[in-house]
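Undergrad:
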Amino acid sequence: MKKERQTIITGIGHYLPPQVVTNFDLEKRINTSDEWIRQRTGIIERHYASEGIGSSDLGVEAAKLAIKDAGIDVAEIDFIIAATLSPDHYFPGIGVLIGAKLGLPGIGALDVRNQCSGFIYGLSVADQYIRSGTYQKILLVAAEVQSSNLDTSDEGRDMAVLFGDGAGAVILEPNSENDGRGILTTKLFADGHYASELWMEKPSPKDRPTFSPLLLEEKRFFPRMNGRNVFKHAVEKMPQAVFAALDEVGLTIDDVDHLIPHQANDRISLMVAQKLKIPVEKVIRNIQHVGNTTAASIPIALDEAVKEGRIKKGDIVVLTAFGSGFTWASAILRW
Ligand code: COA
């Protein structure tokens, strides 16, 4: 009987735009303080893209590094999945733009709109395509430019201090070695009842016209959240998603070598670890120097940990995310 193919990450890369913005820099633009940001979020600095640079540009840079890391030729990629909440344009999505910039016209490009959970959602889609034999080499990119649409007034300062720009990318292929390494499972969840708890409400085609002076006046085009409720759900839902994934593959928390939670807020990551009863040394945390990069946060943290030699071949790596939607998700990889 033909054994089912297992999907493995064969290449990974990330890219952060060069401009570093510290909390002290933000103090000059926002009614905030380094102390408040560090205490509440753990963030010390983040990167901002410069004018004219979109998430597709950051995504392409990360993609090139992942392609190089996989040791494949760009022309071998047969499908693109791109996750972002900050596409260059209202439409089309960034998947097609990344394909064009990489010189890959003609292959399919799918955009995933699942915000902070976007990378794991994309991973899950890619896994199904590889397992079924539909595609052989998928490029999954997660990229965000959020710095251009932050409300720096007191009304928006809770969110404005959190976000950073960046991108991460992976190449996914069937595991030709059949050694049990790769994606063991992915679990996806959503509850749209909470959509307005964390969203960018406007522009909306429900409004006629969509773009009006009122849109600018009401400032509803800025991302908004109910921070406390987001926090509460994040620390409940991520552990639930991790336990669901572990149960499915017959592993326990003791089998986990590394946990990579979406880097939303360091306090959230630490509380998730506490609820999972996983030692903090096993938790990968890089929010201190990148901020919250939404869909890109997990692949950036994963790549850093791999390149630092912290994640080793055969390690069990658990990913989990929570964000707007609400959406939440988990994945287990044997690296
Ligand atoms: N700088 C200084 N003060 C700020 C501030 C900032 N950037 N943002 C908010 N404040 C103030 C508030 O105005 C409030 O002042 P008040 O007590 O005088 O009314 C005070 O700080 C506390 O605000 P609150 O919103 O209750 O703080 P908090 O402890 O809930 O922390 C977050 C705020 C945003 C750090 C926290 O809610 C959080 O991390 N939520 C989840 C965020 C997240 O992960 N979002 C992305 C999802 S993926």
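Letter by letter, the sequence shown follows residues 596 to 930 in the working numbering. Backbone N, C-alpha and C define an ideal beta-carbon position, used for all residues, glycine too.
Distance check for residue 782 and residue 839, CA to CA, integer angstroms please.
TA: Position 244 of the sequence shown holds residue 839. Position 187 of the sequence shown holds residue 782. Taking the straight line joining both Cα atoms gives about 7 Å.
Undergrad: Got a sec, what are the start and stop residues for the alpha helix (DSSP H) residue 604 sits in?
TA: If you number the sequence shown from 1, residue 604 lands on position 9. Note, residue 604: premise wrong, no alpha helix (DSSP H); beta strand (DSSP E) at 602-610.
Undergrad: Taking 9 Å as the threshold (C-beta atoms), are residue 920 and residue 785 in contact?
TA: On the sequence shown, residue 785 is found 190 positions in, with the first residue counted as 1. On the sequence shown, residue 920 is found 325 positions in, with the first residue counted as 1. Taking 9 Å as the Cβ cut-off, residue 785 and residue 920 qualify as a contacting pair.
Undergrad: Taking just the CA atoms, how far does residue 739 sit from residue 691?
TA: Counted from its first residue, the sequence shown places residue 691 at position 96. Counted from its first residue, the sequence shown places residue 739 at position 144. Computed Cα separation, rounded: 16 Å.
Undergrad: Let's see if you can read the secondary structure: which residues bound the beta strand (DSSP E) around residue 923?
TA: Along the sequence shown, read from residue 1 onward, the residue named residue 923 stands at position 328. It spans 922-929 - the beta strand (DSSP E) in which residue 923 sits, taken as one unbroken run.
Undergrad: Taking C-beta to C-beta, are residue 889 and residue 713 nearer than 9 Å?
TA: Against the sequence shown, residue 889 aligns to sequence position 294. Against the sequence shown, residue 713 aligns to sequence position 118. Contact flag set, yes.
Undergrad: Hey, would you say the C-beta of residue 793 is under 8 Å away from at least one heavy atom of the ligand COA?
TA: Within the sequence shown, the letter at position 198 stands for residue 793. Flag set: Cβ of residue 793 near the ligand COA.
Undergrad: At what residues does the alpha helix (DSSP H) containing residue 636 begin and finish?
TA: Walking along the sequence shown from the start, residue 636 turns up at place 41. Looking at the DSSP string, the run of the alpha helix (DSSP H) that includes residue 636 is 629-636.
Undergrad: Measuring CA to CA, which of 925, 875, 656, 770 is closest to residue 844?
TA: One-based indexing of the sequence shown puts residue 844 at position 249. Cα-wise, what sits closest to residue 844 is 925.
Undergrad: Can you give me the C-alpha to C-alpha distance between residue 811 and residue 797, rounded to a whole angstrom?
TA: In the sequence shown, the residue the question calls residue 811 occupies position 216. In the sequence shown, the residue the question calls residue 797 occupies position 202. Distance between the alpha carbons of residue 811 and residue 797: 10 Å.
Undergrad: Rounded to the nearest angstrom, what separates residue 775 and residue 806 at their Cα positions?
TA: Start at 1 with the first residue of the sequence shown, and residue 775 comes out as number 180. Start at 1 with the first residue of the sequence shown, and residue 806 comes out as number 211. Distance between the alpha carbons of residue 775 and residue 806: 52 Å.
Undergrad: Return yes when the Cβ of residue 675 is within less than 9 Å of the Cβ of residue 638, no when it is not.
TA: Position 43 of the sequence shown, counted from the start, is the residue given in the question as residue 638. Position 80 of the sequence shown, counted from the start, is the residue given in the question as residue 675. The answer is no: Cβ separation not under 9 Å.
Undergrad: Tell me where the alpha helix (DSSP H) around residue 808 begins and ends.
TA: Looking up residue 808 in the sequence shown gives position 213. Where residue 808 is concerned, the enclosing alpha helix (DSSP H) stretches over 808-813.
Undergrad: Around the Cβ of residue 619, are there at least 16 other Cβ atoms within 10 angstroms (buried) or fewer (exposed)?
TA: Here residue 619 is taken as the residue at index 24 of the sequence shown, counted from 1. The residue is exposed, with fewer than 16 neighbouring Cβ atoms inside 10 Å.
Undergrad: Write down every uninterrupted run of the alpha helix (DSSP H) in the segment 843-885 whose length is 4 residues or greater and which is fully enclosed by it, in chain order.
TA: Segments of the alpha helix (DSSP H) lying fully in the segment 843-885: 861-871, 882-885.
Undergrad: List in chain order: all unbroken alpha helix (DSSP H) runs of 4+ residues lying wholly within the segment 731-765.
TA: With a minimum length of 4 residues, the continuous alpha helix (DSSP H) runs that stay inside the segment 731-765 are 752-755.
Undergrad: Can you look up residue 834 in the DSSP assignment and give me helix, strand or coil?
TA: Counted from its first residue, the sequence shown places residue 834 at position 239. Helix.
Undergrad: Identify which residue in 851, 875, 846, 751 has its Cα closest to the Cα of residue 907.
TA: Working through the sequence shown from its first residue, we reach residue 907 at position 312. Considering only alpha carbons, the answer is 851.
Undergrad: As an exercise, report each continuous beta strand (DSSP E) stretch of at least 3 residues that is fully enclosed by the segment 658-708, in chain order.
TA: For the segment 658-708, whole beta strand (DSSP E) runs of length 3 or above, ordered along the chain, are 674-678, 703-707.
Undergrad: If we ignore side chains and look at the alpha-carbon of each, how far apart do residue 622 and residue 804 end up?
TA: The residue given as residue 622 occupies position 27 in the sequence shown. The residue given as residue 804 occupies position 209 in the sequence shown. Cα to Cα, residue 622 sits roughly 37 Å from residue 804.
Undergrad: With hydrogens ignored, establish whether the beta-carbon of residue 710 is closer than 8 Å to any heavy atom of the ligand COA.
TA: As a working mapping, residue 710 is identified with position 115 in the sequence shown. Yes, the ligand COA has a heavy atom inside 8 Å of this Cβ.
Undergrad: Is the distance from the Cβ of residue 833 to the Cβ of residue 863 below 9 Å?
TA: Here residue 833 corresponds to residue number 238 of the sequence shown, with the count starting at 1. Here residue 863 corresponds to residue number 268 of the sequence shown, with the count starting at 1. A contact, by the Cβ cut-off of 9 Å.
Undergrad: Closer than 8 Å: is that where the CB of residue 752 sits relative to any heavy atom of the ligand HEM?
TA: Of the ligands this structure carries, namely the ligand COA, none is the ligand HEM.
Undergrad: Hey, is the segment 891-909 in contact with the segment 866-878, meaning 3+ C-beta pairs nearer than 8 Å?
TA: Result no; under three Cβ-Cβ pairs closer than 8 Å.
Undergrad: Just how far apart, CA to CA, sit residue 905 and residue 794?
TA: Position 310 of the sequence shown, counted from the start, is the residue given in the question as residue 905. Position 199 of the sequence shown, counted from the start, is the residue given in the question as residue 794. Using only the alpha carbons, I get a separation of about 35 Å.
Undergrad: Looking at the structure shown, is residue 639 part of a helix, part of a strand, or coil, going by DSSP?
TA: Within the sequence shown, numbered from 1, the residue matching residue 639 stands at position 44. DSSP places residue 639 in coil when its eight states are reduced to three.
Undergrad: In angstroms with no decimal places, state the Cα-to-Cα distance between residue 923 and residue 697.
TA: What you label residue 923 is simply residue 328 of the sequence shown in a count that begins at 1. What you label residue 697 is simply residue 102 of the sequence shown in a count that begins at 1. In a straight line, the C-alpha of residue 923 is about 30 Å away from that of residue 697.
Undergrad: I'd like the span of the alpha helix (DSSP H) that includes residue 917, first residue to last.
TA: The count along the sequence shown starts at 1 and reaches residue 917 at position 322. Taken as a continuous stretch (DSSP letters only), residue 917 belongs to no alpha helix (DSSP H), being part of the beta strand (DSSP E) at 911-918.
Undergrad: Below 8 Å, is the gap between the Cβ of residue 760 and the nearest heavy atom of the ligand COA?
TA: Stepping through the sequence shown from its first residue, residue 760 is reached at position 165. Every heavy atom of the ligand COA is 8 Å or more from the Cβ of residue 760, so no.
Undergrad: Can you tell me the Cβ-Cβ gap for residue 673 and residue 730, rounded? I've got them flagged as a contact below 8 Å.
TA: For this step, residue 673 is matched to residue 78 along the sequence shown. For this step, residue 730 is matched to residue 135 along the sequence shown. Going by Cβ atoms, the distance from residue 673 to residue 730 rounds to 5 Å, so yes, they are a contact pair.
Undergrad: Any heavy atom of the ligand COA closer than 8 Å to the Cβ of residue 757?
TA: Position 162 of the sequence shown, counting from 1, holds the residue named residue 757. Yes, the beta carbon of residue 757 sits closer than 8 Å to at least one heavy atom of the ligand COA.
Undergrad: So is the beta-carbon of residue 790 under 8 Å away from any non-hydrogen atom of the ligand COA?
TA: Against the sequence shown, residue 790 aligns to sequence position 195. Answer for residue 790: no, Cβ out of range of the ligand COA.
Undergrad: With distances taken Cα to Cα, identify the nearest neighbour of residue 897 among 616, 657, 601, 645.
TA: On the sequence shown, residue 897 is found 302 positions in, with the first residue counted as 1. Cα-wise, what sits closest to residue 897 is 657.
Undergrad: Within this structure, are the beta carbons of residue 927 and residue 841 separated by less than 9 Å?
TA: As a first step, residue 927 must be located in the sequence shown, where it is residue number 332. As a first step, residue 841 must be located in the sequence shown, where it is residue number 246. Yes.
Undergrad: Going by other Cβ atoms of all chains shown within 10 Å of its Cβ, with 16 needed for buried, is residue 684 buried or exposed?
TA: Position 89 of the sequence shown, counted from the start, is the residue given in the question as residue 684. When all chains shown are included, residue 684 counts as exposed.
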